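Structure first, then comments.
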Amino acid sequence: MRSLFSCLLLTFFACGHAKSETKSKTSDPVIDSLTIPAIPEWTDRYADGKQGDVRFFNLSEVMRRFKVDRLGAVEIQNTYRDLTRANPDMAGDKGLMAAVKRVQSGTLESGIDRDELQKAPFIVVFDLDETLYDQYYGGGDKCHSVAYRRSNGKMKYIHMVPGWAETIRSVVEMGGRVVLFSANLDKTTLDNLAQIKLDGQPLTASPLISGIMTNSHLTQQEKTEAPGSPSQPRKGRPVVEPSKDLRHFDPSLERVIIVDDNPLRLFQFQNIRVFKKFHADTYCKTTDPVLKNSYDRAMSVVVAEITETVSYMKANPNTGFKVAYLPYTPLGQTAMTFLMTGQTWTADKARAHLRKNPSIVDKRY
């Protein structure tokens with residue numbers, strides 16, 4: 005009997021604790037109705053470093069409520085966080101409506117031009133940390149691409165991945181657009197990009213960069229959002245880990261890919277080019293010529309893939325960028341191996357067949 009009573013007490017307090025963790029930070033009815041319940045704090049390694057009200061919005065509901073597109077919805081979330089970080093008194097409906105007004109007036113912190121991206125035949129999104137550069141490594145004072153003094157007086161060292169500038173130039177020269185998307189904090193990211201120069205201009209002002217997104221542009225997705233619904237939540241695809249949503253750049257997902265070392269923050273799996281993590285300390289210290297050369301060539305391999313993909317698109321105008329690039333994605337590589345081993349085909353033959361029959365590639369893991 006005592007054991008049963010103890011279990012009941014544990015169940016009662018566990019349920020009560022779960023509810024308290026998902027309770028919103030304000031009692032403002034509008035923003036509360038748009039807020040995705042918070043995940044438990046024990047799951048978030050960076051919870052102690054957050055400033056302002058960092059809630060996640062149900063972006064589908066924000067789109068419906070305020071008549072904005074998905075890009076506008078995530079910019080409302082981002083702007084709301086900026087406002088509450090600068091002034092805690094802005095938390096709640098007051099800050100939400102200020103964010104809505106700012107975004108509806110056309111002010112987007114990401115700097116994205118919708119028309120420019122819509123006209124582009126393809127868009128390549130690049131992650132930053134351990135993809136385009138490494139900023140967390142030892143020995144930066146002796147081996148770096150960029151060095152600057154931070155506002156706290158300490159030196160900051162960044163090592164760019166070999167070939168990064170040529171990669172960005174090549175994408176744009178082929179007619180594509182480049183967007184940068186970091187899961188890191190706003191200030192850290194923007195401070196770094198302001199110091200990294202491409203053709204003499206900081207990346208924050210470079211005409212070759214069509215937009216910059218940071219931590220506050222990451223999203224979560226409830227099971228009631230499409231393809232799910234309030235009446236059919238089992239059809240939903242909930243996104244629990246704050247992730248990068250490529251629909252901000254191309255709602256159809258037919259013209260966009262992301263080059264990223266961390267697929268755990270991604271969920272549109274047919275649009276991913278997983279990149280081997282760039283470790284500056286290893287790159288700077290290694291005496292292994294194979295490893296050094298592989299780091300040196302990693303980005304040029306991505307350029308070669310995109311170049312081949314664009315050539316295929318020109319020869320096959322009814323095939324879009326996503327489908328043409330599928331053979332280079334992890335799911336596409338799995339399908340390629342499936343065809344090559346099952347039919348004893350060459351890689352070229354498997355690639356051609358896959359592009360004509362893209363349904364062979366799984367949509368998710």
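Remember, the working numbering sits 4 above the position in the sequence shown when you count from 1. Ideal Cβ placement from N, Cα and C applies to all residues, glycine included. Just so we're clear, the structure is a prediction, and the values are computed from it rather than from any experiment.
Measure the Cβ-Cβ separation of Thr208 and Asp190 and say whether it is below 8 Å. Not closer than 8 Å, so no.
Quick one: Cα of Gly180 to Cα of Ser114, how far? Spanning the two alpha carbons is a distance of roughly 18 Å.
Nonlocal neighbours in the same chain, by C-beta distance under 7 Å from His357, ignoring five residues either side: So the qualifying residues of the chain are Leu343.
Pairwise C-alpha distance: Arg49 and Tyr140: Between Tyr140 and Arg49, the C-alpha separation is close to 17 Å.
Helix, strand or coil: how does DSSP classify Thr83 here? In the displayed model, Thr83 falls within a helix according to three-state DSSP.
Residue environment, Ala77, which counts as buried when at least 16 other CB atoms sit within 10 Å: In the assembly as shown, Ala77 is a buried residue. Its beta-carbon has 16 or more other beta-carbons within 10 Å.
Runs of alpha helix (DSSP H) wholly within the stretch 190-232 (minimum 4 residues, chain order): You should have 190-199.
Does Ala3 pass the burial test, meaning 16 or more other C-beta atoms within 10 Å, or should it be called exposed? Residue 3 lies beyond the residue range present for the chain, which begins at 5 and ends at 369; the question has no answer from this structure.
Arg277 versus Pro92, Phe253, Val305, Leu121, residue with shortest Cα-Cα distance: When only C-alpha atoms are compared, the closest one is Val305.
Going by Cα to Cα distance, which pick from Asp97, Ser214, Lys105 is closest to Gln122? Distance from the Cα of Gln122 is smallest, within the candidate group Asp97, Ser214, Lys105, for Ser214.
What is the DSSP secondary structure of Ala169, counted as helix, strand or coil? In this structure, Ala169 counts as helix in the three-state DSSP scheme.
Of the choices Asp254, Ala124, His148, whose alpha-carbon is the least far from that of Lys289? That would be His148, whose Cα lies nearest to the Cα of Lys289.
Along the chain, where does the beta strand (DSSP E) containing Ile43 start, and where does it finish? In the DSSP annotation of this structure, Ile43 is not part of any beta strand (DSSP E), being labelled neither H nor E.
Residue span of the alpha helix (DSSP H) that contains Arg49, given as start and end: In the DSSP annotation of this structure, Arg49 is not part of any alpha helix (DSSP H), being labelled neither H nor E.
Cβ-Cβ distance between Phe61 and Thr39 below 8 Å: Contact flag set, yes.
Less than 7 Å between C-beta atoms, sequence neighbours within five positions excluded: which residues of the same chain meet that for Leu87? In chain order, Met94, Gly99, Ala102, Ala103 place their CB closer than 7 Å to the CB of Leu87, counting only its own chain and leaving out the 5 sequence neighbours on each side.
Go ahead and pull the three-state DSSP assignment for Thr341. Of the three classes helix, strand and coil, the one that applies to Thr341 here is helix, per DSSP.
Within 10 angstroms of its Cβ, does Met5 collect 16 or more other Cβ (buried), or is it exposed? Caution is warranted here: a pLDDT of 47 is assigned to Met5, below 50, making its placement in the model unreliable, and no coordinate value can be reported.
Which partner residues does Met317 have in the DSSP bridge list? In the DSSP assignment, Met317 is bridged to no other residue.
Beta-carbon separation of Leu212 and Arg173 under 8 Å? Between Leu212 and Arg173, the C-beta spacing is below 8 Å.
Among residues of its own chain, excluding the 5 on either side of Val165, which ones have a beta-carbon nearer than 8 Å to its beta-carbon? Taking Val165 as the centre and dropping the five residues before and after it, the same chain places the C-beta of Thr135, Leu136, Tyr137, Asp138, Phe282, Tyr299, Ala302, Met303 closer than 8 Å to its C-beta, in chain order.
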